[in-house]
Amino acid sequence: MAPSSSRRPLRHHQPLLLILAISVSGLLASVPASAADGRPELGGDGLHREILRDETVLRLKELGKISDGEGYLERTFLSPASIRATAVIISWMKEAGLTTWVDQMGNIHGRFEPENSTKEALLIGSHMDTVIDAGMYDGSLGIISAISALKVLKVTGKLQRLTRPVEVIAFSDEEGVRFQTTFLGSAAVAGTLPESILQVSDKSGTTVQDVLKMNSFEATAAAITQTRYKPESVGSYVEVHMEQGPVLEALHYPLGVVKGIAGQTRLKVIVDGSQGHAGTVPMKLRRDPMVAAAELVVTLERLCKEPNKLLTYDEECGCFTEESLAGLVCTVGELLTWPSASNVIPGQVNFTVDIRAMDDQVRETIVTSFSRLALQRCDDRLVDCRVEHKHSAPSTLCDPELTSQLKLAARSAVSAMPGRSVVSAAAAETPVLMSGAGHDAMAMAKLTKVGMLFVRCRGGVSHSPEESVMDDDVWAAGLALASFIEQAAVVAKVAEVVEQNAVVAES
Numbered sequence: 003m004a005p006s007s008s009r010r011p012l013r014h015h016q017p018l019l020l021i022l023a024i025s026v027s028g029l030l031a032s033v034p035a036s037a038a039d040g041r042p043e044l045g046g047d048g049l050h051r052e053i054l055r056d057e058t059v060l061r062l063k064e065l066g067k068i069s070d071g072e073g074y075l076e077r078t079f080l081s082p083a084s085i086r087a088t089a090v091i092i093s094w095m096k097e098a099g100l101t102t103w104v105d106q107m108g109n110i111h112g113r114f115e116p117e118n119s120t121k122e123a124l125l126i127g128s129h130m131d132t133v134i135d136a137g138m139y140d141g142s143l144g145i146i147s148a149i150s151a152l153k154v155l156k157v158t159g160k161l162q163r164l165t166r167p168v169e170v171i172a173f174s175d176e177e178g179v180r181f182q183t184t185f186l187g188s189a190a191v192a193g194t195l196p197e198s199i200l201q202v203s204d205k206s207g208t209t210v211q212d213v214l215k216m217n218s219f220e221a222t223a224a225a226i227t228q229t230r231y232k233p234e235s236v237g238s239y240v241e242v243h244m245e246q247g248p249v250l251e252a253l254h255y256p257l258g259v260v261k262g263i264a265g266q267t268r269l270k271v272i273v274d275g276s277q278g279h280a281g282t283v284p285m286k287l288r289r290d291p292m293v294a295a296a297e298l299v300v301t302l303e304r305l306c307k308e309p310n311k312l313l314t315y316d317e318e319c320g321c322f323t324e325e326s327l328a329g330l331v332c333t334v335g336e337l338l339t340w341p342s343a344s345n346v347i348p349g350q351v352n353f354t355v356d357i358r359a360m361d362d363q364v365r366e367t368i369v370t371s372f373s374r375l376a377l378q379r380c381d382d383r384l385v386d387c388r389v390e391h392k393h394s395a396p397s398t399l400c401d402p403e404l405t406s407q408l409k410l411a412a413r414s415a416v417s418a419m420p421g422r423s424v425v426s427a428a429a430a431e432t433p434v435l436m437s438g439a440g441h442d443a444m445a446m447a448k449l450t451k452v453g454m455l456f457v458r459c460r461g462g463v464s465h466s467p468e469e470s471v472m473d474d475d476v477w478a479a480g481l482a483l484a485s486f487i488e489q490a491a492v493v494a495k496v497a498e499v500v501e502q503n504a505v506v507a508e509s
């Protein structure tokens, strides 16, 4: 090939350019109308209600019954319920025409591999684990919607037309309930899970390594490394998830695309005092960790409600604008005491802290400030305390191109949906949101570019059995995802033809 400075003018390549134009136009002509104009194909009604809505909802309910809890949903990392759920998810993946396997961190994979494809894979996923007393949509919606979308492509004969690999991943752990460290599954795939994770233990003293071995995994550093995907083998990652917030419901729109995800820090605060008899130790002589812990919880609330009143100049309080502080939230979700008896002054109290913000500098400053204030308050009360950092993740921006593609797919799906109850705002623009909740996309962003599609939920309620997503919104999400998958494959094929012919033109 001649150097760029000596390339001949393009007018000398008119025959080649004509061939290129014919090749591309022929390819587009062979692709369903859905890929060419951005709208879902409406063969029959083209909406595949029986799979994307009815079957998906039934499967959400079925998975929601697989639980370690009696009368409530709980499914944590590699628990017995998780193992039962794995078998069910694998059967659904196989039915959709996918090749399946489980990796060394318990992640479930279902992959379609086109013949002779050398393209990077499109990964689609979410998590199969839950919080305690969970709803049935968080995580599961993204897994089952992806399987249903690929099943639709299979039954319509379009799966074989895909030109790049497509893989659904059901991640084994995102919530971090069992080991208090999130993204065990997706971080392993992204290659960011440290070897030290094997020695992290749960409340019973069982380590991650123990749990892996009990479930017949290798449980070695080398095995964790094997789960890592090479960046050059992955083109992008997309996740469908219930919003977990009230914005889409307020806008009367079923779907939204995500611009970015808030950063998150998890802390564990341990307060040690003097254990004693509740009736005999005078109030002035007590070193009560419970009262100190209560003061720390209130201090955290004040710090996050009114940060500018408690942050010092050295912590750059003056540099934060209202915009940078927007979305700052702090939560104490768990508090444990020892020995936890009504007639005993506790000897130790520990509690969790969850701090989230869109602005990473704000989040880091809040963490530093709270740690300083905690030590001061504990000194004042003559108790000992320490603040342990359990997890930290920076904010994540979604890829603009993926966001645009998902926005188009969502708009097309909503416009095609029947009934005004679902499409009451069909004339509106697809909403673009920020996510205050963490998602596997945060971990996967270390591996590849990411995009997210949100689905409206009732009242913004999540991490609760009251989670609720309308059946028709589940349908819209599946339709949008099927359209997106097909579009991504067509774009890849067109780009390949353009690239091949450009090489010919330049040589």
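Here the sequence shown stands for residues 3 to 509, where the numbers follow our numbering. Quick reminder that beta carbons are idealized off the backbone N, C-alpha and C, glycines included.
- Query: Alpha carbon to alpha carbon, what distance is there between S276 and A443?
  - Reply: Cα to Cα, the separation comes out at about 44 Å.
- Quickly, what does DSSP pair I347 with across the bridge? List them, please. G278
- Message: Assuming contact is defined by CB atoms lying nearer than 8 Å, are R358 and V389 in contact in what I supplied?
- Response: no
- Message: Suppose contacts are defined by Cβ-Cβ distances below 8 Å. Is V457 in contact with D475 by that definition?
- Response: yes
- Task: Decide if W103 is buried, meaning its Cβ has at least 16 other Cβ atoms within 10 Å, or exposed.
- Result: Burial is judged here by how many other beta carbons sit within 10 angstroms of a residue's own beta carbon; W103 has fewer than 16 and is exposed.
- Message: Beta-carbon within less than 7 Å of P82's beta-carbon, same chain only, minus the 5 sequence neighbours each way: which residues are those?
- Response: D70
- Do you know whose CA, among V242, L384, T370, lies nearest C459's CA? The shortest C-alpha separation from C459 is found at V242.
- Item | Beta-carbon contacts of Q211 that lie in its chain and below 6 Å, excluding the five residues immediately before and after | L200, A221
- Message: So, under 8 Å CB-CB, V1 and P291 are touching, yes? Tell me the CB distance rounded to an integer number of Å.
- Response: In the structure displayed, the chain extends from 3 to 509; residue 1 sits before or after that span and is not available.
- Message: I need the straight-line Cα distance from R413 to A482, nearest angstrom please.
- Response: 8 Å
- Task: Evaluate K409 with the Cβ neighbour count: other Cβ atoms within 10 Å of its Cβ, from every protein chain shown; 16 or more gives buried, anything less gives exposed.
- Result: buried
- Take K448 and list the residues in its own chain whose beta-carbon comes closer than 6 Å to its own, dropping the five residues that flank it on each side. Excluding residues within five positions, the ones whose Cβ falls inside 6 Å are A192, T194.
- G141: which of K205, K307, E76 sits nearest, CA to CA? The shortest C-alpha separation from G141 is found at E76.
- Query: Does the stretch 167–178 touch the stretch 123–137, meaning 3 or more C-beta pairs lie closer than 8 Å?
  - Reply: Contact between the stretch 123–137 and the stretch 167–178 is present: three or more C-beta pairs spanning the two stretches fall below 8 Å.
- Item | Spatial neighbours of H279 in its chain, beta-carbon cut-off 8 Å, leaving aside the 5 residues before and after | Only N345, V346, I347 meet the Cβ criterion.
- Query: Are T184 and G440 close, meaning C-beta to C-beta below 8 Å?
  - Reply: yes
- So what's S442 in DSSP terms, helix, strand or just coil? Note on identity: in this sequence residue 442 is Asp, with Ser being the wrong assignment. Note: D442 maps to helix in three-state DSSP.
- Query: What number of angstroms, rounded off, separates the C-alpha of G159 from the C-alpha of A87?
  - Reply: Going by the C-alpha atoms only, they are around 28 Å apart.
- Specify the secondary structure class of N352 as computed by DSSP and reduced to three states. strand
- Message: With distance defined between alpha-carbon atoms, name the residue in Q182, E115, M107, M95 nearest to T354.
- Response: Q182
- Task: Kindly list the residues whose CB is nearer than 7 Å to the CB of P248, restricted to its own chain and excluding five residues on each side of it in sequence; keep chain order.
- Result: So the qualifying residues of the chain are G461, G462.
- Message: With a threshold of 6 Å on Cβ separation, who are the neighbours of A189 within its own chain once the five nearest residues in sequence on each side are excluded?
- Response: Hits under 6 Å: L195, A445.
- K261 and L435 closer than 8 Å at C-beta: yes
- Message: Given this structure, state the Cα-to-Cα distance separating T339 from A479, to the nearest angstrom.
- Response: 44 Å
- Item | C332 - DSSP class collapsed to helix/strand/coil | strand
- Item | N-terminal and C-terminal residue of the alpha helix (DSSP H) that F372 is part of | Segment 362–382, the alpha helix (DSSP H) holding F372.
- Query: Is S371 close to chain D, meaning its C-beta is less than 8 Å from at least one C-beta of that chain?
  - Reply: Note that chain D does not occur in the displayed structure, where there is just one protein chain.
- Task: Using 10 angstroms around the beta-carbon of L44, count the other beta-carbons present and answer buried if the total reaches 16, otherwise exposed.
- Result: With a pLDDT of only 37 at L44, under 50, the local geometry of the prediction cannot be trusted, and no value is derived from it.
- Task: Look at the Cβ atom of L302, then the Cβ atom of F372, and state whether they are nearer than 8 Å.
- Result: yes
- Task: My understanding is that S326 touches V364, with C-beta atoms under 8 Å, so please give their C-beta distance in whole angstroms.
- Result: Indeed they touch by this definition, with Cβ atoms about 5 Å apart.
- Nearest CA to the CA of T101: which residue from G73, T120, L54, I149? Taking only the C-alpha atoms, the option nearest T101 is I149.
- State the CB to CB distance for the pair V168 and F114, rounded to an integer number of angstroms; the pair is presumed to be in contact (CB under 8 Å). 5 Å
- Item | Close Cβ partners of S423 (< 8 Å) along its chain, the five nearest in sequence each way excluded | Note that S423 scores a pLDDT of 47, beneath 50, so its modelled location is shaky and nothing firm can be said.
- Closest by CA to C306, which one among A328, M472, V293? A328
- Item | CB contact flag (G178, H393, <8 Å) | yes
- Task: Measure how close the beta-carbons of A264 and H465 come, nearest whole angstrom, since I'm counting them as under 8 Å.
- Result: So it is not a contact: roughly 16 Å between Cβ atoms.
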